[in-house]
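Residue numbers (our numbering), protein chains in the order written: chain A, 2 to 239; chain B, 2 to 239.
Printed below as a string of structure tokens:
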């Protein structure tokens with residue numbers, strides 16, 4: 002394994018709007034991207050197809066799709082047979098049923114493993130604490146705590162500490178942005194946001210969005226508030 | 002999802018000596034065990050068979066075997082085609098080639114997801130900072146840091162903090178024990194240590210140990226130093 006290369010970076014790429022804009026931020030800082038996506042028992046494959054489109058669009062060095070079937074342990078609407086809630090964004094301020102247990106913790110941990118193999122010095126993740134649907138693992142406190150833990154867990158972190166260097170860094174450029182701000186930033190960075198996929202419950206296999214689940218409502222409102230044209234195809238043309 | 006049950010506990014069960022003794026400690030404290038094992042691209046299945054034997058022996062409530070093919074990201078002797086080093090335990094005090102990138106971080110993160118689903122309040126892991134082969138993710142600092150992170154990452158942790166309760170706890174009863182102390186403890190707790198499997202490079206599929214890899218050397222010395230009969234079958238009867 003080589004010395005960590007500060008230019009190489011792992012990007013967690015879901016195929017959604019946030020991760021695509023995050024990847025563009027990393028590229029904008031001169032990073033060479035290694036994208037990591039998970040096939041984790043989604044009810045649909047639309048987001049993995051979007052991840053592949055975005056990876057190609059942004060010219061990543063490598064795109065790893067790791068099978069990880071969380072149905073064996075999971076109980077979420079995104080991985081099990083629970084109805085996705087509609088028309089109820091931010092209904093009660095609580096943690097929604099679409100929460101996947103410990104998802105970002107698991108994803109960042111696997112990204113750390115890939116970073117060691119690829120000698121990458123950074124993990125980029127599109128978490129967002131503003132329009133974030135109430136998931137606990139999208140908050141700044143979690144991200145900072147994970148960064149400490151990962152440097153205690155890994156060979157890269159131990160070797161960096163011994164050499165007086167900074168180990169793995171977790172980069173979250175969207176953390177304090179609204180969805181409108183994210184749409185604006187992605188547009189400025191030249192991302193084709195029409196390639197991305199957000200819908201939790203797509204009505205077909207052609208990239209159409211339902212327009213009513215939490216993710217669609219947040220996405221749509223982001224374009225409206227940014228005052229930018231929305232390239233998304235919503236069901237019924239609504 | 003129900004309120005966390007302090008009696009239910011996740012045990013990371015590799016099928017090795019340490020995790021079997023750890024599970025027995027949890028049972029000794031009255032915990033109801035949910036065992037989690039990983040099928041992560043091992044070169045052999047002997048340790049999963051041992052995990053199943055130990056799970057049955059200890060009467061676990063549920064044994065989850067999660068497929069997780071780290072070959073997609075890994076570069077270790079345990080998951081890739083690198084020769085397992087022989088007759089060189091603690092040769093240079095460094096991190097050995099058998100290191101799997103971020104393994105305990107990944108395993109504990111998935112255990113945290115399972116804990117949420119099972120409403121379990123504890124994660125038990127057989128890490129050991131004495132006879133530990135130099136893996137960074139076996140040290141006390143990592144374990145404490147992970148415990149902080151997991152409570153920031155999960156619904157269980159957030160809800161516990163809001164209610165003024167302790168969230169998920171990480172339990173490591175072997176942390177300060179020598180391998181001899183672990184053998185002694187397991188024997189006192191009535192564990193049939195002959196059911197466990199430690200060898201990194203088994204010569205056959207019948208539970209025989211090579212006797213020469215790091216894991217075998219540590220295991221064998223543990224029994225010798227504890228002054229207890231070693232039920233292990235070593236290659237050549239050595």
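C-beta atoms are modelled at their ideal positions from N, C-alpha and C, and glycine is treated no differently.
It should be emphasised that the depicted structure is a prediction, and the values quoted were computed from it without experimental measurement.
(message) Any beta carbon from chain A within less than 8 angstroms of residue 163/B's own beta carbon?
(response) No, residue 163/B does not count as interfacial toward chain A.
(message) Looking at chain B, is there any beta carbon in it that lies within less than 8 angstroms of the beta carbon of residue 142/A?
(response) Taking Cβ atoms only, chain B reaches closer than 8 angstroms to residue 142/A, which makes this a yes.
(message) For residue 164/B, count the other beta carbons within 10 Å of its own beta carbon; 16 or more makes it buried, fewer makes it exposed. Which is it?
(response) Exposed, since its Cβ has fewer than 16 Cβ neighbours within 10 Å.
(request) Tell me whether residue 192/A sits in a helix, a strand or coil according to DSSP, three-state version. (result) If DSSP states are grouped into helix, strand and coil, residue 192/A belongs with coil.
(request) Taking residue 232/A as the reference, give the member of 124/A, 203/A, 74/A, 196/A with the closest Cα. (result) Ranking the options by Cα distance to residue 232/A, first place goes to 196/A.
(message) Against chain B, with Cβ distances strictly below 8 angstroms, would residue 114/A count as a contact?
(response) True, the Cβ-Cβ gap to chain B drops below 8 angstroms.
(message) At a CB distance below 7 angstroms, what residues from the stretch 145-157 of chain B approach chain A? Give them in sequence order.
(response) Answer set for the stretch 145-157 of chain B: 146, 147, 149, 150, 151, 153, 154, 155, 156.
(request) Note the first and the last residue of the continuous beta strand (DSSP E) segment covering residue 121/A. (result) It spans 121-125 - the beta strand (DSSP E) in which residue 121/A sits, taken as one unbroken run.
(message) Strictly below 7 angstroms CB to CB, what residues from chain A border residue 110/B?
(response) Result: 103, 106, 107, 110.
(request) Measure the alpha-carbon distance for residue 142/A versus residue 211/B and round it to whole angstroms. (result) About 46 angstroms.
(request) Provide the residue(s) that pair with residue 1/B in DSSP beta bridges, ordered along the chain. (result) This structure does not reach residue 1/B, given that chain B is present from 2 up to 239, and the question cannot be answered.
(request) Pull out every residue of the stretch 177-193 of chain A whose Cβ sits closer than 9 angstroms to any Cβ of chain B, in chain order. (result) Within the stretch 177-193 of chain A, no residue has a Cβ that lies closer than 9 angstroms to any Cβ of chain B.
(message) Let me check one thing: in DSSP terms, what residues is residue 63/A bridge-paired to?
(response) In the DSSP secondary-structure assignment, residue 63/A is bridged to 35/A.
(message) Between which residues of its own chain and residue 234/B is the CB-CB distance below 7 angstroms, once the five residues before and five after are set aside?
(response) Answer for residue 234/B: 208, 209, 210, listed in chain order.
(request) Starting from residue 155/B, follow the alpha helix (DSSP H) in both directions and report where the run begins and ends. (result) For residue 155/B, there is no enclosing alpha helix (DSSP H), as DSSP gives it neither H nor E.
(request) Could you tell me the distance, in whole angstroms, from the CA atom of residue 118/A to the CA atom of residue 102/B? (result) Cα to Cα, the separation comes out at about 7 angstroms.
(message) Taking 8 angstroms as the threshold (beta carbon to beta carbon), is residue 48/B in contact with chain A?
(response) The C-beta of residue 48/B comes no closer than 8 angstroms to any C-beta of chain A.
(message) Closest to residue 40/A by C-alpha separation, out of 70/B, 184/B, 60/B, 26/B, would be which residue?
(response) Out of 70/B, 184/B, 60/B, 26/B, 70/B has the C-alpha closest to the C-alpha of residue 40/A.
(request) Examine chain A for any beta-carbon lying closer than 8 angstroms to the beta-carbon of residue 1/B, and answer yes or no. (result) Because chain B here runs from 2 to 239, residue 1/B falls outside it and cannot be looked at.
(request) Give the range of the alpha helix (DSSP H) segment to which residue 215/B is assigned. (result) Run containing residue 215/B: 215-227, per the alpha helix (DSSP H) assignment.
(message) Nearest by alpha-carbon distance to residue 244/A: which of 30/A, 20/A, 46/A, 47/A is it?
(response) The requested residue 244/A is not part of the displayed model; chain A covers only 2 to 239.
(request) Quick one: measure Cβ to Cβ for residue 13/B and residue 108/B, integer angstroms, because I've assumed they're closer than 8 angstroms. (result) For residue 13/B against residue 108/B, the beta-carbon gap comes to about 6 angstroms, under 8 angstroms, which counts as contact.
(request) Report the neighbours of residue 167/B on chain A: residues whose CB is nearer than 9 angstroms to its CB, in chain order. (result) Near residue 167/B there are no residues of chain A at all, since even the closest Cβ is about 16 angstroms away, more than 9 angstroms.
(message) Do residue 9/B and residue 120/B have their beta-carbon atoms positioned less than 8 angstroms apart in this structure?
(response) Note that the C-beta distance between residue 120/B and residue 9/B is below 8 angstroms.
(message) Strictly below 9 angstroms CB to CB, what residues from chain A border residue 131/B?
(response) Chain A residues near residue 131/B: none, gap ~18 angstroms exceeds 9 angstroms.
(request) Could you check the C-alpha separation between residue 225/B and residue 106/A for me, to the nearest Å? (result) Those two C-alpha atoms are separated by around 40 angstroms.
(message) For residue 62/A, tell me which candidate among 145/A, 187/A, 11/A, 201/A has the shortest Cα-Cα distance.
(response) When the alpha-carbon of residue 62/A is set against those of 145/A, 187/A, 11/A, 201/A, the nearest one is in 11/A.
(request) May I ask you to list, following chain order, the residues of the stretch 200-215 of chain B that have a beta carbon less than 7 angstroms from some beta carbon of chain A? (result) For the stretch 200-215 of chain B, which is checked against every Cβ of chain A, not one residue is closer than 7 angstroms.
(message) Would residue 150/B and residue 137/A be called neighbours here (beta carbons separated by less than 8 angstroms)?
(response) It is not a contact, given that the beta carbons lie outside the stated cut-off.
(request) Express the C-alpha separation of residue 49/A and residue 230/B in angstroms, rounding to a whole number. (result) When rounded, the distance between both Cα atoms is 54 angstroms.
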